[in-house]
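Colleague: For our numbering, add 7 to where a residue sits in the sequence shown, where the first one is 1.
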Amino acid sequence: MSAAAIGKWRAIVAAKTRRRERIEEEAARDRRALAEREAARDAARREVEQAQARCGDHADGMAARFRGAAALSVPDYVRHENWRVALKDALDAARKEEQKAAGAVERHQERVRAAEARLARAGAALDRCRARLDEVRRAAAHAAELAADEEAVDNLLARRYASKR
């Protein structure tokens, strides 16, 4: 194998290394984005829990007023009913936001899995190219050693021939 072949495989290994590094950077960005999406999903879950607690507190308060000795006036009932509707709307919005955040997490999990698969493939390709470069280097070293041995034998034979004359 020649120096040209070694140079070619060095260039290929360098290109594969740069490609793997780019894919590693993409995978790291995707992992960071996934962590952000997971944090947003967790915040949305907490918001749903808080909205559920507010609705439950309001329902408990209304039940206590209905059981109470004092009569509940119509304006109080209407005001509480309007508040209940607003709380229910807030709960529905929080649930919708949670579903949206969960969908974003799932999409980013898929992106991370795809990036990790690309990274694994790039790593395997790089390993194969490095192995091929090592083979080419060993073959070149072996060829150089054989050439040196052949030259040494030729020199030895030439000296013997010259000494016999």
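For glycine and all other residues, C-beta sits at the position ideal for the given N, C-alpha and C.
Report the three-state DSSP secondary structure of S80 (helix, strand or coil).
Modeller: In the sequence shown, counting from the first residue as 1, residue 80 sits at position 73. Note: S80 maps to coil in three-state DSSP.
Colleague: Find the nearest neighbour of K95 within the set G63, V160, S80, judged by alpha-carbon distance.
Modeller: Taking the first residue of the sequence shown as 1, we reach residue 95 at position 88. Cα-wise, what sits closest to K95 is G63.
Colleague: Measure the alpha-carbon distance for A132 versus A12 and round it to whole angstroms.
Modeller: Within the sequence shown, residue 132 is the residue found at index 125, counting from 1. Within the sequence shown, residue 12 is the residue found at index 5, counting from 1. One C-alpha to the other measures close to 18 Å.
Colleague: Three or more C-beta pairs under 8 Å: does that hold for the region 64-84 against the region 119-139?
Modeller: With the cut-off at 8 Å, the region 64-84 and the region 119-139 do not touch.
Colleague: If you pair each beta-carbon of the region 137-151 with each one of the region 42-50, do three or more pairs fall below 8 Å?
Modeller: Not touching, per the Cβ criterion.
Colleague: Would you call the region 108-125 and the region 44-59 touching, i.e. three or more CB-CB distances under 8 Å?
Modeller: Yes, since at least three Cβ pairs between the region 108-125 and the region 44-59 fall closer than 8 Å, the two stretches touch.
Colleague: Determine the direct distance from the alpha carbon of A108 to that of S9, and round the result to whole angstroms.
Modeller: Looking up residue 9 in the sequence shown gives position 2. Looking up residue 108 in the sequence shown gives position 101. If I take the Cα positions, the gap works out to 57 Å.
Colleague: Which residue from R53, C136, L164 puts its Cα closest to that of A18?
Modeller: In the sequence shown, the residue the question calls residue 18 occupies position 11. Cα-wise, what sits closest to A18 is C136.
Colleague: Assuming D37 contacts R125 (C-beta within less than 8 Å), just tell me the rounded distance between them.
Modeller: In the sequence shown, counting from the first residue as 1, residue 37 sits at position 30. In the sequence shown, counting from the first residue as 1, residue 125 sits at position 118. Actually they are not in contact, since the Cβ atoms of D37 and R125 sit about 10 Å apart, beyond 8 Å.
Colleague: Nearest to R91 by CA position, among A169, A60, R25, is which residue?
Modeller: The residue you call residue 91 lines up with position 84 of the sequence shown. Of the listed residues, the one whose Cα sits closest to R91 is A60.
Colleague: Starting from G63 and walking both ways along the alpha helix (DSSP H), at which residues does that stretch end?
Modeller: As a working mapping, residue 63 is identified with position 56 in the sequence shown. Taken as a continuous stretch (DSSP letters only), the alpha helix (DSSP H) holding G63 covers 10-74.
Colleague: Can you tell which of E158, L163, E123, E152 has its C-alpha closest to the C-alpha of E32?
Modeller: If you number the sequence shown from 1, residue 32 lands on position 25. Nearest option by C-alpha distance: E123.
Colleague: Tell me the rounded alpha-carbon separation between R74 and R86.
Modeller: Indexing the sequence shown from 1 puts residue 74 at position 67. Indexing the sequence shown from 1 puts residue 86 at position 79. Cα to Cα, the separation comes out at about 18 Å.
Colleague: Just the Cα atoms here: how many angstroms apart are D156 and S170?
Modeller: On the sequence shown, position 149 is the one that residue 156 refers to. On the sequence shown, position 163 is the one that residue 170 refers to. Each residue's Cα considered, the two are about 21 Å apart.
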